[in-house]
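2 protein chains.
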Amino acid sequence: MTHRVGIVGAGQLARMMAQAAIPLGIEITVLAASAEDGAAKVLPRVIVGDPDDPERIRELAGKVDVVTFDHELVDPDLLESLVEAGHAVYPTPSTMRLAQNKRLQRELLTSAGFPAPAWRSARSIEDVLAIEELHGWPVVLKAVRGGYDGRGVWMPETPDDAQDVLKTASQHGIELLVEELVELSGEIAVLVAGSPTGDYAVYPATETVQRNGICHELYAPARFPPSISRKTEAMALEIARLLGAVGMLAIEFFVVDDDVLVNELAPRPHNSGHWTIEGSGTSQFEQHLRAVLGWPLGPTAMRHPAVVTRNLLGPADGSDPFLRIPEALARGDAQVHWYGKASRPGRKIGHITAYANTIEDANLAAERGWSVLAGSTREEVGK
Amino acid sequence: MTHRVGIVGAGQLARMMAQAAIPLGIEITVLAASAEDGAAKVLPRVIVGDPDDPERIRELAGKVDVVTFDHELVDPDLLESLVEAGHAVYPTPSTMRLAQNKRLQRELLTSAGFPAPAWRSARSIEDVLAIEELHGWPVVLKAVRGGYDGRGVWMPETPDDAQDVLKTASQHGIELLVEELVELSGEIAVLVAGSPTGDYAVYPATETVQRNGICHELYAPARFPPSISRKTEAMALEIARLLGAVGMLAIEFFVVDDDVLVNELAPRPHNSGHWTIEGSGTSQFEQHLRAVLGWPLGPTAMRHPAVVTRNLLGPADGSDPFLRIPEALARGDAQVHWYGKASRPGRKIGHITAYANTIEDANLAAERGWSVLAGSTREEVGK
Chain Y
3 MTHRVGIVGA GQLARMMAQA AIPLGIEITV LAASAEDGAA KVLPRVIVGD PDDPERIREL
63 AGKVDVVTFD HELVDPDLLE SLVEAGHAVY PTPSTMRLAQ NKRLQRELLT SAGFPAPAWR
123 SARSIEDVLA IEELHGWPVV LKAVRGGYDG RGVWMPETPD DAQDVLKTAS QHGIELLVEE
183 LVELSGEIAV LVAGSPTGDY AVYPATETVQ RNGICHELYA PARFPPSISR KTEAMALEIA
243 RLLGAVGMLA IEFFVVDDDV LVNELAPRPH NSGHWTIEGS GTSQFEQHLR AVLGWPLGPT
303 AMRHPAVVTR NLLGPADGSD PFLRIPEALA RGDAQVHWYG KASRPGRKIG HITAYANTIE
363 DANLAAERGW SVLAGSTREE VGK
Chain V
3 MTHRVGIVGA GQLARMMAQA AIPLGIEITV LAASAEDGAA KVLPRVIVGD PDDPERIREL
63 AGKVDVVTFD HELVDPDLLE SLVEAGHAVY PTPSTMRLAQ NKRLQRELLT SAGFPAPAWR
123 SARSIEDVLA IEELHGWPVV LKAVRGGYDG RGVWMPETPD DAQDVLKTAS QHGIELLVEE
183 LVELSGEIAV LVAGSPTGDY AVYPATETVQ RNGICHELYA PARFPPSISR KTEAMALEIA
243 RLLGAVGMLA IEFFVVDDDV LVNELAPRPH NSGHWTIEGS GTSQFEQHLR AVLGWPLGPT
303 AMRHPAVVTR NLLGPADGSD PFLRIPEALA RGDAQVHWYG KASRPGRKIG HITAYANTIE
363 DANLAAERGW SVLAGSTREE VGK
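So the protein lines, in turn, are chains Y and V. Throughout the first sequence, residue numbering follows the working numbering, covering 3 to 385 in sequence. Throughout the second sequence, residue numbering follows the working numbering, covering 3 to 385 in sequence.
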């Protein structure tokens, strides 16, 4: 029986996988950028090195039964060479390639008939204007891979603004695509687990609330008509099948009135699934490990009628919410998840989850704990 | 804020504490008898050494904010010297002393008015006959501390049998007590958490089913009239207050028709509380860490109407249930907890927990998973 999993990356996703691995006797080894990474701090088996260093990643592969990831930033060619050398790598290199490239995602999903925002490759201002002509300003310009200056999305409101983005992107060698700016009713993420044997398990649709492009709150079930949730769940399952996804796959949707549009995907445990630790029959972290090992998938139904998760970002005042964990625990029923990272303003450093019989009660419980952790400057935290 | 906990012992209780520590950012260091111990395998901070070696235990105390335990077999004098040197040690040395000595437990609890089986110190055959005269054969002889030849309890049926036990115990330097053999309706264990500030939190009474002196099944809620469960919960809370217990305290009760008798206590997370991982608002492992750190205690109410846990012992046929984990997971909704130990016949190597709306459904789900893990010779496992 295989039960040794290697994870490239040692952030909070790997840390929560490490936690999920203990009761199943699954041995985790991480390839960490630093010994101070969140997962590296709680594991006995840590390789410190660059995930793009072929030697380090081969060292990891040599110690485990399957290689998986807590981020997408790994060279797919390197992963293909691992597969050719006989290593199990899940998600597959082709799924990883897709995850790294927003244009490839759009091409695959729109050619398969999934609804998406109007889009095209943005090679020149004419491409931008073609979208603008139908949908107006502002348009959305996105880096196809990565970004620069810590940004990957721009919303120019004039042709000149758009030209500036195109020019700077070109200087950085960044490929762009242009999309209509969709007027959202809200956002949904759906998690699907896929196994190497072609089994799939879909989780209940999660409503995600973003603030400044960062996921801030999760509501399960989503606070939309059930017909919308069911539609996203069915679509997510189809997309997982289309990709032959192995492991967790998160699909993000835009909700526009009664319609849904596919936004993007991530082939791993995902921020939108953090509520599953307390809220589902199988947490997304356990599920990912089971899936990549080829073990049977677990039940995905909710354990409680309503679950709410709030992300915790490092407060702007530089204070350390870690010191406030006991106080937050004193405030009630919410579960604190600490990522083992130093607090810096705006950095994701933890989350808090509450469950209850109603979404309102769960939200109140999550807010109570969260506001203590976030501290006195909490109004600024979400900015 | 203190958040570094040192655990003396690195078995499954420490392993499950290690799991509970991750989301709270609590740093665990264990003093392990072997690097192959269950908790040592999943932690980056491990000291290997004898728990009775003053140097090793001082090394542990020097690295952490509070010292706690996953077993009672530590010299209380050594612990007192740690306290005198300024270290926080919970449970306290006096509670540890009590836990190691069944006579001290009986003296304290009967003098405080708690009901117990008829008992006395067994210094000679006259002591045995004094109990036998009122309650008949067999009587129960118990080692006050530890035991010999792997046994600590004997049930002689004649004066000659009793003499043999007294003689052999004397040769081994073992102090005995004698008790009436109670005709049980069943057994209950109640967990209480105590904090250094004098706060206490009691868990719902758990029914424990033993086979051959080893706890085999847990039912929460207990399948007795609620009045009996409430009585044990109230008594357990009183006992925790009497002791000034800090950390988890498990109190075992005998149920005799509508009455309850106190059997014994253990000042730590306890086998009878394993169901709390899935079944309670706060697992006993998280609660113990919070308690010994002086953090606020968490809610103890049940998360589901019914929870059943079954212990898994190494099968008699020498097969390894670890290899059957995926198959057990395929059989349904039960959660597997693996202790990271090699399987040997009769050794506790894991447990499995299921929750449902009724105790019958939870029991069936636990049994389904358990029977796969226990394997084809499962009839022998519980023997």
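The C-beta atom is built at its ideal place from N, Cα and C for all residues, glycine as well.
query                                                                                                                                   : result
Segment contact, 8 angstroms Cβ cut-off, at least three pairs: the segment 55 to 73 of chain V with the segment 4 to 20 of chain V      : yes
Euclidean distance between Cα positions of residue 2 of chain V and residue 134 of chain V                                              : No answer is possible for residue 2 of chain V: it lies beyond the span of chain V, which begins at 3 and ends at 385.
Closest Cα partner of residue 416 of chain Y within the set Y:206, Y:220 and Y:240                                                      : Coverage of chain Y is limited to positions 3 through 385, which leaves residue 416 of chain Y absent and any answer about it impossible.
Between the CA atoms of residue 271 of chain Y and residue 15 of chain Y - distance to the nearest angstrom                             : 7 angstroms
Amino acids of chain Y, ordered along the chain, whose beta-carbon sits closer than 8 angstroms to that of residue 309 of chain V       : Per Cβ cutoff of 8 angstroms: no residues; residue 309 of chain V is ~12 angstroms from chain Y at best.
Where the beta strand (DSSP E) containing residue 261 of chain V begins and where it ends                                               : 261 to 268
Proximity winner among V:148, V:126, V:198 and V:314, relative to residue 166 of chain V (alpha-carbon distances)                       : V:126
Where the segment 24 to 40 of chain Y meets chain V: residues whose CB sits under 7 angstroms from a CB there                           : 24, 25, 26 and 27
Chain-ordered residues of the segment 193 to 219 of chain Y with a beta carbon less than 9 angstroms from chain V                       : none
The segment 180 to 188 of chain Y contacting the segment 320 to 329 of chain Y, beta-carbon criterion three pairs below 8 angstroms     : no
Three or more C-beta pairs below 8 angstroms linking the segment 252 to 260 of chain V and the segment 83 to 94 of chain V              : no
Interface partners of residue 337 of chain V on chain Y, CB under 8 angstroms                                                           : 25
Chain-ordered neighbours of residue 44 of chain Y on chain V, where CB pairs are closer than 9 angstroms                                : 20, 23, 24, 29, 30, 44, 45 and 46
beta-carbon residue 298 of chain V near the ligand COA non-hydrogen atom, thresh 7 angstroms                                            : Looking at this structure, you won't find the ligand COA or any other ligand, since it has none at all.
Host alpha helix (DSSP H) of residue 116 of chain V (start-end)                                                                         : Here residue 116 of chain V belongs to no alpha helix (DSSP H), and DSSP marks it neither H nor E.
Close Cβ partners of residue 307 of chain V (< 6 angstroms) along its chain, the five nearest in sequence each way excluded             : 359
Reduced DSSP category for residue 98 of chain V - H, G, I as helix; E, B as strand; rest coil                                           : helix
Residue 212 of chain Y, buried or exposed, once every other Cβ within 10 Å from all chains shown has been counted against 16            : exposed
Residue 342 of chain V at chain Y interface by Cβ criterion, 8 angstroms                                                                : yes
Backbone secondary structure at residue 184 of chain V - three-state DSSP                                                               : coil
Bounding residues of the beta strand (DSSP E) (the contiguous stretch that carries residue 65 of chain V)                               : Run containing residue 65 of chain V: none in the beta strand (DSSP E); it sits in the alpha helix (DSSP H), 56 to 65.
contact_flag[the segment 88 to 101 of chain Y, the segment 236 to 251 of chain Y] where n(CB pairs < 8 angstroms) is 3 or more          : yes
Cβ-based neighbour list, residue 60 of chain V, same chain, cut-off 6 angstroms, excluding 5 preceding and 5 following                  : none
Own chain, CB closer than 6 angstroms to residue 341 of chain Y, minus 5 neighbours either side, in chain order                         : 14, 40, 351 and 352
Beta-carbon spacing of residue 101 of chain V, residue 111 of chain V below 8 angstroms                                                 : no
N-terminal and C-terminal residue of the beta strand (DSSP E) that residue 353 of chain Y is part of                                    : 350 to 358
Other residues of its chain near residue 103 of chain Y: CB distance less than 8 angstroms, five sequence neighbours each side excluded : 146 and 147
Own chain partners of residue 327 of chain Y with C-beta closer than 8 angstroms, once the 5 adjacent residues on each side are dropped : 338, 340 and 375
Residue 317 of chain Y to residue 219 of chain Y span [Cα, whole Å]                                                                     : 16 angstroms
Beta-carbon separation (whole angstroms), residue 282 of chain Y vs residue 302 of chain Y, contact threshold 8 angstroms               : 6 angstroms
Residue burial classification, residue 174 of chain V (beta-carbon count within 10 angstroms, cutoff 16)                                : exposed
Three-state secondary structure assigned by DSSP to residue 386 of chain Y                                                              : Because chain Y in this structure spans residues 3 to 385, residue 386 of chain Y falls outside the shown range and cannot be described.
Whole runs of the alpha helix (DSSP H) within the segment 137 to 217 of chain V, excluding any shorter than 4 residues                  : 161 to 173
Exposed unless 16 or more other CB atoms sit within 10 angstroms - verdict on residue 199 of chain Y                                    : exposed
Where the segment 265 to 289 of chain Y meets chain V: residues whose CB sits under 7 angstroms from a CB there                         : 283
is_contact[residue 385 of chain V, chain Y] using C-beta, thresh 8 angstroms                                                            : Only weak support is given to the placement of residue 385 of chain V: the predicted model assigns it a pLDDT of 36, under 50, and the value that follows is read from those uncertain coordinates. Residue 385 of chain V does not count as touching chain Y.
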